[in-house]
Every structure is written in C-alpha cells, then in structure tokens.
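In this note's numbering, the protein residues as written are 11 to 558. Think of the CB as a built atom: it goes at the ideal place given N, C-alpha and C, for glycine as much as any other residue.
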C-alpha cells in the first residue's frame, strides 16, 4: 500500500507492509511540490499533480502499486473533542450525525462529518472521549481527482491528527511527552502519556523561513528546496556546525517564532494539566533535525529534547527504517484511519469484458445448471419427509405463540430505556453557554486583537490572544471580566515580542470558566486574598491597583 501526504512544499511517499506490531517501510521518498499545486492541503491542479506523482512513483519503482492511503493535513478540517455518555461504539456514529450542528454551528451541507474514539472513560464519571471532525467535500474531492488521474485506487483518507495519534501511541513512552512534527510551513504537536492522547495543537510555523533564508544567501534556485533542506539537516548524535553562509544569529532569528510557539504550547498545556506537566520533547518530521533547533527548544523550555529515532519504542515500531521520522503520519494512516470517504465520491470499478471471461462465464453457468438438476432430484426424494417435519413444526409454533408476545414486549422496553439514557446524556451538553460566550466575544472585543487558537470544553474556553501592546492586553482582559457568561478569568504566559516590521506584539493565554460573573453583583471572588495596606485597592469593575 502507498501512503502519501501531500504538502504545500513537500510531498511524502512511502510503501509500508505490516509485520505483527511493526511496519516495514519498503521504499520512501520526498519530492518538492511545484508552486500553486497545493495550498493548505487543497489540491489546486489535480491533473498536473497526478502527472508529477505518477512520474515520481515510476522513477522509484512503485508504478505497479495501485492502492493508496492519503494522510490529509489541512487547516480547513475543523475538529472538536466531545464527551458522550457510555454507549457501544456502533452507536456513536448515529449520535455524532444527530448532533453535528451543535458541535459545528455552521451549514454542514457541503461537509463530511466523521469521528475517532480517543478513549473510553471508566470510573466515577464514565463516558466516551470522541474527536469529531468536519471536512469540506470539495477538499476531499481533490484527492479523489488526483488518484483517478494517476491511476490509483483510494483505500482510505485519514486526518493527519489521527495518523499521528495511531502511530505515536505504539511507542509507549510512560512519561508525559510533547511530540512535535516539524514540517515546512507548519508544525503539529501531540501531548501523550503512553497510549493516552492528552492534547493536540497546530501552529503555522515550521522550517520554511530558515530554508528560504539559506537558499537566498547560498544562491540556490527555487527548485533546490529539498537540497537546501538536506544541507541544513543534522545527523543524529553528530554535532554539526551551522553551514555557511548562515550564522548562528540568523538561525536563532529564523527559528524564533517556531521555538516561541513550542514554549507557549507547553505553558498552555501545563496550566490546564498541572498534575501531569510535560516532561520531555521529541522532534520528528522533515524539518525536525534542522541545525540548532533542538538546542533552541531546550533553552526555551528547560525540558530534555531528543529526536524520535532515539526512542527504543519508535525504533521497534518502524523496524529501524532509515528516515522513518519523516513519515510518521504516513505510517499512522495505515493503522486505523478515520472515515473521510464521502459516499458521493466513492465509485465502484466495473469489470472489463473480454473473451476469456465470457468462456469462464459459460462454463460456470453450465456447471450451475447441472448442479441445480442434481439438487432438484434430491429434493424430490426428500419432499415427503420435509412435509411431515413442517407439519410438526407448525404444531410447535402454535403452542409457543404466547412467548413471541412476551419477547416483543421485552425488546420494546429495552429500546425505550436505551433511548431515554442517550437523550438524558445528550441533554447535558452545554452548547448554549458556548453560544452566549461567542456572542459577547463578537460584541465586546476590539477588532485589533488576534485569537491564535481556542479550545472549548464543558467547563469553559481557553484561548491564545495577541494584541498590539500591554495597554491593549489590559483592555482585553478587562473586557473578559465584564462577560455575563463567565465566572472566572485566569491569565497566564504574558509575553512581549517584536514583529517583522518592528511593531510591538503582546501575547497571553486566557482561560474563561462558564458561570455567573461575580463582578456584576459587586463581588470580587479574590476579595479574601486582598489586603489593602499591602496589595492595593479594588476598583468598581473588579480590577486591582498595586499600592506604591
């Protein structure tokens, strides 16, 4: 089976075969994408892309393989984690379809909704953790068009997030680990402990900025992108100096935004999972071994940072395949892909007619006719005996008719009870509180702020916010504390940075908990902790000023 991940800069291809609990990579390669073929996972020119893909497959001796699984990475795929009441896995799909508009409050006519079961929770609060996804049908249609033009048969299309989870849970690291798949134009982060997925995030920073700067300074042409990437890649365990003409300062500048995003992701995770903070960082992906990246991340986070092929579990899973860290999402797409195959796009191939198949058909038909005659003759001899058995059976059925009524009544009761339990669980979903929160967000927040990400749970909303200054940040926090739908506002990780034009940017993480706003009733929830003589006074709107 071919496993393919199509990216904006690079397309990754590998041919895998499963052997017990490991995957043997028979062949793997990457090739540079021409400009304009793919944008954020959307195939803009299927025919041209199919031609390039077919030429690459033939050049690497994979032209005879027709079955393909795509690992789809795109910011246009919306995802949300929900918790459902305890139920059998076969019932989850119906529940997801019924409540899809509650999870994604948009017109889903042109979207394909699917899910993956993350965890079955047991104990005091049992339930099912489910990751629900909605992908535009037009996005998926592009991959069907590429496969058709390239002469390939799609076996599955998997979301990149699920591919990472399926591959990484087989590594079995017991400590809380942050896995970072560093690609060219973006990075994908998974926080895991063993086979338990704790959180996933994406951010739009990868190795592209450093590679592009190196290409300009070394005089490379646009079609030498992959060559530049190889020259900037560090061999595992072998210290390599920064290649000329790039200086260490330029490496730090080029990777600064990527490293800063990693640090903010760790701060956000630790603030929401204080009892199981991140303990180590593992790098992978085509840009995971860029020179200087590991050292910068270690310095920024204070956590031990390593490459994925240094983990014993990863080596065992990939059967020690060379450069396997670049193809983690491709490997994972074969394990347990989600259903991103809309029925409107799935077509069944028609068998070709030829003379040999007609001869085989005539022979089979003749054999079936002869067999039918033999069976008919045998049936005649058995007819009388079967007639007697039929009469006996009818007598037994008549004597047991009352049992059927009892059984049907029992089934009706079971269905009614299951329906009541399902509806009771679904009625507790706090979608109304999320709606009220976003209404206030649109009404009260200034248009100058930038929301980098938002995570919605049953208890509240967590966001990463960027403003133009500390003054703007204070104004935004003040507005949050005036929301009627929020009871508690927690702010962490306030940091300042300069953008490319020298402008000031202030970023912070804020966690908003649903409930009645105590400030609207003149109550400060932190009043017991405030001593006016030492810490200042409290204003009417609930903010505090420090005493001189």
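| Query | Result |
| --- | --- |
| Runs of 3 residues minimum, wholly inside the region 14-67: which ones carry the beta strand (DSSP E) assignment? | 20-29, 32-42 |
| Would the region 111-118 count as touching the region 130-141 if we require 3 or more Cβ pairs under 8 Å? | no |
| Suppose you measure from the CA of residue 393 to the CA of residue 376; what does that come to, to the nearest Å? | 26 Å |
| When the Cα atoms are used, what is the spatial distance from residue 285 to residue 186? | 11 Å |
| Specify the secondary structure class of residue 425 as computed by DSSP and reduced to three states. | helix |
| What did DSSP end up calling residue 159 once you bin it into helix, strand or coil? | helix |
| Residue ranges of each alpha helix (DSSP H) run of no fewer than 4 residues wholly in the region 95-139, ordered along the chain? | 99-108, 110-113 |
| Is the separation between the beta-carbon of residue 52 and that of residue 152 shorter than 8 Å? | yes |
| Identify which residue in 195, 220, 178 has its Cα closest to the Cα of residue 202. | 178 |
| Is residue 280 helix, strand or coil when you go by DSSP? | helix |
| Roughly how many whole angstroms lie between the Cα atoms of residue 7 and residue 295? | In this structure the chain extends from 11 to 558, so residue 7 is not present and cannot be described. |
| Ignore the nearest five residues each way along the sequence and tell me which others in residue 155's own chain have a CB closer than 6 Å to its CB. | 56 |
| Considering only their Cβ atoms, is the gap separating residue 275 from residue 192 smaller than 8 Å? | no |
| Provide the residue span of the beta strand (DSSP E) that contains residue 351, from first to last. | Element bounds for residue 351: n/a, residue is neither H nor E. |
| By Cβ distance below 6 Å, which residues in the same chain neighbour residue 80 in space, the five residues on each side in sequence not counted? | 14, 153, 167 |
| DSSP state of residue 227, grouped into three classes? | helix |
| Taking 8 Å as the threshold (beta carbon to beta carbon), is residue 77 in contact with chain C? | Among the protein chains of the structure shown there is no chain C, as only one such chain exists. |
| Excluding the five sequence neighbours on either side, which residues of its own chain have a C-beta within less than 7 Å of the C-beta of residue 209, listed in chain order? | 201, 279 |
| Any idea what DSSP makes of residue 491, helix, strand or coil? | coil |
| Just mark residue 45 as buried or exposed, buried being the case when its beta carbon has 16 or more other beta carbons within 10 Å. | exposed |
| Just to confirm, are residue 128 and residue 144 a CB contact at a threshold of 8 Å? | no |
| Under DSSP, the alpha helix (DSSP H) around residue 507 begins and ends at which residues? | Note, residue 507: premise wrong, no alpha helix (DSSP H); beta strand (DSSP E) at 496-508. |
| Start and end of the alpha helix (DSSP H) containing residue 9? | Only positions 11 to 558 of the chain appear in the structure, and residue 9 is not among them; the question remains open. |
| Which word fits residue 509, buried or exposed, when buried means at least 16 other C-beta atoms lie within 10 angstroms of its C-beta? | exposed |
| Let me make sure I understand the geometry here. Which of 468, 499, 446, 487 has the alpha-carbon closest to that of residue 93? | 468 |
| Buried or exposed: residue 421, going by 16 or more other Cβ atoms within 10 Å of its Cβ? | exposed |
| Report, in whole angstroms, the separation of the C-beta atoms of residue 292 and residue 175, which I expect to be a contact under 8 Å. | The Cβ separation is near 14 Å, so there is no contact. |
| What do you get for residue 18, buried or exposed, if any count of 16 or more other CB atoms within 10 angstroms of its CB means buried? | buried |
| So, with DSSP's three-state summary, where would you put residue 453? | helix |
| With H, G and I counted as helix, E and B as strand and the rest as coil, what does DSSP make of residue 551? | For residue 551, the pLDDT reaches just 46, beneath the cut-off of 50, and the residue's location in the model is therefore unreliable, although a value from the coordinates is still provided. Note: residue 551 maps to coil in three-state DSSP. |
| With distances taken Cα to Cα, identify the nearest neighbour of residue 181 among 502, 462, 195, 207. | 207 |
| Going by DSSP, what residue range makes up the beta strand (DSSP E) through residue 189? | 187-192 |
| Look up residue 195 in the DSSP assignment and say whether it is helix, strand or coil. | coil |
| Just to confirm the assignment: which complete beta strand (DSSP E) runs, minimum length 3, are found wholly within the region 453-486? | 460-466, 470-477 |
| Helix or strand or just coil, what does DSSP make of residue 317? | strand |
| What's the C-alpha gap between residue 212 and residue 374? | 57 Å |
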